[in-house]
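Going by my numbering, the residue at position 139 of the sequence shown is 200; the numbering climbs one at a time, nothing skipped.
Cβ coordinates follow ideal geometry from the N, Cα and C atoms, glycine included.
This report refers to the structure that appears directly beneath it.
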Amino acid sequence: YLYQMRIFILIIILATSIHSQILEKQNKLLWDGTDWNNIPITVSNNPEMTNKIKSSYLNGILDGRLYYYLKAWGEKQSFSDSLYGDRIDYMTRREIIRQLNRFYEDPLMSYVPVVSAMIIVHMQTEQISKKVVNAYIEQTKYWINQITLDMQSRGMHNILKEKQTRPKLKNR
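Here is the structure:
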């Protein structure tokens with residue numbers, strides 16, 4: 062009986078812990094500079110682990126991007142090429158990490174999603190005009206603020222539910 066009681070208490074503690082973590086992150090849609098800068102803290106400032114986690118995250122972004130590029134390409138190649146035309150995979154992972162670390166040193170950039178920050182640092186590396194880069198940064202801040210406000214007013218669950226139930230348009 063004592064053993065069952067311990068397991069029951071352990072399950073309650075675990076469920077409460079998981080629930081509090083979910084509540085803490087419930088309005089978080091994308092990783093941003095805050096998450097990026099907290100990685101070293103979560104691994105006790107171990108540089109090797111920090112690099113592995115950041116590199117893995119970047120690999121996941123690029124793998125997802127490739128998947129959706131190929132999926133779109135199967136439907137309409139010109140659309141896919143125009144949508145995914147920017148090159149964000151020519152720098153090494155180490156260089157991207159270094160550039161993102163530099164980018165997120167600016168506290169005003171902390172809520173820019175990592176995906177957008179990758180595009181921004183590539184634009185800077187390609188020496189795209191500062192005016193164009195700044196316009197992209199402002200647009201990014203605008204849409205992430207809009208999404209955040211929308212999530213706060215309507216709730217993430219409702220927004221995702223609407224996305225899933227929208228009628229799908231057929232190709233014309």
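Going along the chain, which residues of its own chain have a beta-carbon closer than 7 Å to the beta-carbon of residue i, five neighbours each way excluded?
i           : result
residue 185 : 194
residue 112 : 158
residue 100 : 111, 114 and 115
If you draw a straight line from the C-alpha of residue i to the C-alpha of residue j, how long is it?
i           : j           : result
residue 114 : residue 125 : 16 Å
residue 155 : residue 192 : 27 Å
residue 190 : residue 160 : 17 Å
residue 205 : residue 137 : 28 Å
residue 187 : residue 104 : 32 Å
residue 106 : residue 168 : 20 Å
residue 226 : residue 139 : 28 Å
residue 102 : residue 109 : 13 Å
residue 131 : residue 219 : 29 Å
residue 162 : residue 222 : 35 Å
residue 117 : residue 210 : 30 Å
residue 215 : residue 203 : 18 Å
If you measure between the beta carbons of residue i and residue j, is that distance less than 9 Å?
i           : j           : result
residue 123 : residue 158 : no
residue 177 : residue 98  : no
residue 208 : residue 197 : no
Within a Cβ cutoff of 6 Å, which residues of the same chain sit near residue i, ignoring the five residues on either side of it in sequence?
i           : result
residue 92  : 175
residue 201 : 173 and 177
Closer than 8 Å by C-beta to residue i: which residues in its own chain qualify, once you throw out the five before and the five after it? Chain order, please.
i           : result
residue 94  : 164, 165, 170, 171, 172, 173, 175 and 178
residue 199 : none
key: Length at least 4, wholly inside the region 114-200: the alpha helix (DSSP H) runs in chain order   = Whole alpha helix (DSSP H) segments, 4+ residues: 138-144, 154-164 and 175-186.
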